[in-house]
Amino acid sequence: TNAYEFILTSTPRPGVGQITLNRPKALNALSTPLMKELNSALSAFEASPEIGAVVLTGSERAFAAGADIKEMKDLTFPEAYGKDFIKLWSDITNISKPIVAAVNGHALGGGCELAMMADILYCGPKANFGQPEIKLGIIPGAGGSQRLTRAVGKSKAMEIVLTGKNFSGAEAEQWGLASKVFETPEACVEGALDTAETIAGYGRLAVKAAKEVVNQAYETSLHEGVKYERRIFHALFATQDQKIGMTAFANKQKPEWKNE
Ligand code: CO8
């Protein structure tokens, strides 16, 4: 049963929630109704104690071909500014559970930006990334100029944003934007599910803390970041899971996490 019109949701592995963008007629163009459904599905997985990690994917042809250009075409400045258009796009970055993106086909404009908001990015053989906004008379609007620059450096980011030229999954991997390229689209999704299942098999509190401290690296100086990490590290000694994990190691047993 699927309560949504533009996405599919499932729990294909223990502890893993999957969201598949499913608006094939528009190559998964990210309309406001689609983004509302995505946010709602993400919040449901975030709230579910069963779920430890989320996989976000699209179709073989397109992860997402960008924001919905037809929806934006007649948008005016007062409307865009007044309603803070695109703000709801960054809701995904407020999810504390790890999100693994499996990108096959086009990930353009807002689609590329959405993929870059995920915590781990995997690509299929035909992944096609790009920020083509310049060709439409606009610029990236959902963090593309910022996340791309941090991931691949200024010169490459400038080239991508200023020329609107696409780049491949192999390039994304080589530049450190993506962590793996798979040989088939199916292997890409399976690989993402494997990784999500591995993560979901660990204690929820340690996983949450790990994501939080890595993200902190983007927000602060090295000195402050290392201090922040150490404080969170100390805090985990107040959890049952730390005792469970270390006792299990000492006894050569498999830990049974309590998530507390
Ligand atoms: N918006 C709306 N409809 C789209 C979009 C889109 N972004 N992309 C594709 N479609 C539609 C097409 O209009 C077409 O519909 P129809 O059959 O009714 O004509 C259908 O999807 C299939 O597309 P094509 O026939 O074009 O398929 P091709 O295989 O020939 O080409 C491409 C695939 C190359 C991906 C091509 O569709 C394309 O160039 N799409 C637009 C890519 C683009 O420019 N994306 C960036 C959009 S701007 C953006 O994302 C701004 C981000 C700002 C922040 C996010 C805020 C929302």
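Converting from the sequence shown to full-length UniProt numbering requires adding 31 to each position, the first position being numbered 1.
Idealized CB from N, CA, C, for every residue including glycine.
Bear in mind the structure is a predicted one, so any value in this text is a computation, not a measurement.
What's the C-alpha gap between residue i and residue j?
i, j, result
"Ile100", "Ile82", "34 angstroms"
"Ile275", "Tyr233", "11 angstroms"
"Phe264", "Arg178", "26 angstroms"
"Thr63", "Phe280", "48 angstroms"
"Val220", "Lys289", "29 angstroms"
"Leu267", "Glu243", "13 angstroms"
"Ser41", "Ala75", "12 angstroms"
"Gly207", "Gly89", "21 angstroms"
"Lys97", "Gly222", "In the sequence as displayed, the identity of residue 97 is Gly instead of Lys. In a straight line, the C-alpha of Gly97 is about 24 angstroms away from that of Gly222."
"Pro55", "Ala182", "29 angstroms"
"Asp150", "Thr124", "9 angstroms"
"Ala84", "Ala78", "12 angstroms"
"Leu87", "Gln284", "33 angstroms"
"Thr51", "Met189", "31 angstroms"
"Asn197", "Ala231", "33 angstroms"
"Ile117", "Ile170", "13 angstroms"
"Glu255", "Ala248", "9 angstroms"
"residue 5", "Lys187", "Any answer about residue 5 is impossible in this case: the structure gives the chain only from 32 up to 291."
"Leu224", "Thr215", "14 angstroms"
"Thr107", "Gly172", "15 angstroms"
"Glu144", "Asn282", "45 angstroms"
The ligand CO8 and residue i: does any heavy atom of the ligand fall closer than 7 angstroms to the residue's C-beta?
i, result
"Pro64", "no"
"Asp99", "yes"
"Ser288", "It should be noted that the sequence gives Trp, not Ser, for residue 288. Flag unset: Cβ of Trp288 not near the ligand CO8."
"Ala248", "no"
"Trp120", "yes"
"Gly207", "no"
"Ile38", "no"
"Glu204", "no"
"Pro216", "no"
"Leu52", "no"
"His254", "no"
"Ile123", "no"
"Gly179", "Strictly speaking, residue 179 in this sequence is Leu, with Gly absent from that position. Flag unset: Cβ of Leu179 not near the ligand CO8."
"Ile191", "no"
"Ile165", "no"
"Lys56", "yes"
"Gly172", "yes"
"Leu61", "yes"
"Glu144", "yes"
"Ala96", "yes"
Quick one: using the 10 Å Cβ neighbour count with 16 as the cut-off for buried, is residue i buried or exposed?
i, result
"Ala111", "exposed"
"Met277", "exposed"
"Phe94", "buried"
"Gly184", "exposed"
"Phe44", "The residue you asked about is not Phe; residue 44 is Arg in the sequence shown. Looking at its Cβ environment, which holds 16 or more other Cβ atoms inside 10 Å, Arg44 is buried."
"Arg272", "Going by the sequence as given, residue 272 is Asp instead of Arg. Buried, by the Cβ-count rule."
"Gly113", "exposed"
"Leu69", "buried"
"Leu39", "exposed"
"Pro129", "buried"
"Gly168", "exposed"
"Arg262", "exposed"
"Val245", "exposed"
"Pro80", "exposed"
List the whole-angstrom C-beta distance separating residue i from residue j, where the pair is believed to meet the contact cut-off of C-beta under 8 angstroms.
i, j, result
"Glu228", "Gly46", "7 angstroms"
"Val131", "Gly155", "The Cβ separation is near 13 angstroms, so there is no contact."
"Leu139", "Gly161", "5 angstroms"
"Leu61", "Gly136", "In fact, because the Cβ distance is near 14 angstroms, the residues do not count as touching under 8 angstroms."
"Ala203", "Ala209", "4 angstroms"
"residue 301", "Ile126", "The requested residue 301 is not part of the displayed model; the chain covers only 32 to 291."
"Glu287", "Thr270", "The pair is not a contact, with the Cβ atoms about 14 angstroms apart (cut-off 8 angstroms)."
Is there a C-beta anywhere in chain D that falls below 8 angstroms from the one on residue i?
i, result
"Phe198", "Among the chains in the structure shown there is no chain D, since it carries only a single protein chain."
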